[in-house]
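First comes the structure, then the notes that go with it.
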Amino acid sequence: MDGRASQPKTIGKYQVERLLGRGATSSVYLGRDPFSNKQVAIKVATPEVLHDPKHGAQYRKLFFNEAGLAGKLKHPHIVKLLDAVVDDDQQYIVMEHLPGVTLEPYCQPDSLLGFDRVVDVIFKCSQALDYASRKGVVHRDIKPANVMFDHDGDIKLADFGAALSLRSTTTQILGAVGSLAYMAPEQLRHEAVTHRSDIYSLGVVMFQLLTGQLPHQADNQAAMIQKILNEPMPLVSDLRPDVPVALASIVMRATEKAQKDRYSTWLEFIKDLSEAVGGLDLKAGDIDDTRKFQLLRKQAFFDNFGEIELWQALRITRWANFPKGKVLVQEGDIGNSFFVIVKGTAKVFKDKKLLGVLNQGEPFGEMVCVEENAMPRTGTVVADTDIVVAKISKDSLLQAPDSLQLRFSRALLRILANRLTTTASLYIKSKS
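Be aware that the sequence shown starts at 785, since it is given in the working numbering, and climbs by one per residue.
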């Protein structure tokens, strides 16, 4: 039957606009929430599949698993599940709509991403999977088709239908659930899976992004299983000699056949990725999100920010680099943003008199967040070296989640308190 002919006008309260895609077990529609007027993606289970005598019970359980995660996994790099209905009449999941494509087009030899972009994608995936792991969830179906990717470099993991919740008290499907080419050996042997199984799968995705091909290829499933279980992993460098040694090493360790030989934690995996991307020239226009995240995490201002809060903070910052001597803030000007120094130092002047020096990790212009109305800048800040700054506008901060606003407020209050203490000490010394 033609997809357009069978397209429903509504699904639950959601208006259906068009079919986005149809798979073996479900269809995904672009819809609209009539209350928020936002576009959403609606994944509808195929009734015939759910009632299939042989596999229907398994597919129903997988769909129920994904629906059960609605609202539980909240991470910047995991697709938000907004709503779910699972009953005898309807089974559908409502997700945020993500314009863009999956990673699949970038796994072809003629359309590979640059090394920095590959690391950025894998870094974000690993952050999301580390978060899921800490929530007791193993994805079990990591593959390029389940990673949404846009041209700004943002990614989101999708399709947790095969996920295993290690903390769940309900019956779940065990065994070989997932996509064969990306399955870890223990999945194929129907053994217990852990976060290391997801590490293996992400390692295969990384191999494919770097080389444009899968590590193991075969004409049928039995041959593919035999290769994954018994044949050594091909060397990335044999297929693409220009791949940096550090990246090739990460792939090899992530895809070791024995779980004990892989990375023991996601944090180990992330640490190696961070080191692999380091050491490059720092220019704001060229810094990808992976390096921005790592740089923000090193700044004293962001010491008490959690991982998710740091990603949220990254989303509202604008980065810029300026040469030595550049006036960053002019006394008397009306401003609506404050800044955090990521690299370099700056001098602060008032009435052309030097007040002090600001170092890496320190903010300036923060009084815009203290005053309710726009006020003139109280001092001039000049770059003392070549400098990289992260700029946060007051408007962007006010539109951020309440938890992030609170974290920024506490950080700014801590800075103001420290500066008041320093000023008081200097005043006392001057009088003694």
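Backbone N, C-alpha and C define an ideal beta-carbon position, used for all residues, glycine too.
Computed from a prediction, not measured in an experiment: that's the story for all the values here.
- By the 16-neighbour rule on beta-carbons within 10 angstroms, F1085 is buried.
- In this structure, G1149 lies near F1122, with their beta-carbon atoms less than 7 Å apart.
- In the same chain as A942, and ignoring 5 residues on each side of it, the C-beta atoms closer than 7 Å to its own belong to V863, N930, M932, in chain order.
- The residues Q892, P893, L896, in chain order, have a CB closer than 6 Å to that of G996 in the same chain once the five nearest residues on each side in sequence are set aside.
- Apart from the 5 residues on each side of it in sequence, G1116 sits with its Cβ closer than 8 Å to the Cβ of P1160, R1161 in its chain, given in chain order.
- With a threshold of 16 other beta carbon atoms within 10 Å, R1075 meets it and is buried.
- In this structure the stretch 824 to 839 does not lie against the stretch 910 to 921, because fewer than three pairs of beta carbons, one per stretch, are closer than 8 Å.
- Between H859 and Y915, the alpha-carbon positions lie close to 8 Å from each other.
- When only Cα atoms are considered, V812 and G796 end up about 14 Å apart.
- With respect to the 7 Å criterion, V1126 and L1079 are classified as neighbours on the basis of their beta carbons.
- Excluding its 5 nearest sequence neighbours in each direction, F1089 has C-beta neighbours in its own chain below 7 Å: A1097, R1191, listed in chain order.
- Taken through DSSP and simplified to helix, strand or coil, I926 comes out as coil.
- Contact annotation: W1103 and A1174 have beta-carbon atoms nearer than 7 Å.
- Collapsing the DSSP output to three states places S1177 in a strand.
- Secondary structure of D1087 (DSSP, three-state): coil.
- For F1133, the beta-bridge partners assigned by DSSP are L1138, T1164.
- With a 10 Å radius around the Cβ and a threshold of 16 neighbouring Cβ atoms, H979 comes out buried.
- In the three-state scheme derived from DSSP, where H, G and I count as helix and E and B as strand, V878 is classed as strand.
- Going by C-alpha positions, K845 is about 11 Å away from Q875.
- In this structure, DSSP gives N849 a helical state, which the three-state scheme calls helix.
- Cβ-Cβ separation between L866 and V824: approximately 6 Å, consistent with a contact (criterion under 8 Å).
- With 16 or more other Cβ atoms inside 10 Å of its own Cβ, P999 counts as buried.
- Annotation for P1185: Q1096 place their beta carbon closer than 8 Å to its own, counting only its chain and skipping 5 residues before and after.
- Rounded to whole angstroms, the gap between the alpha carbons of P837 and S1187 is 48 Å.
- Residue range 1111 to 1113 is occupied by the beta strand (DSSP E) that includes V1113.
- With distances taken between CA atoms, G815 lies nearest to L882 out of F1106, L882, K1108, D982.
- With respect to the C-alpha of S985, the residue from A1007, F819, Y1047, P1107 having the closest C-alpha is Y1047.
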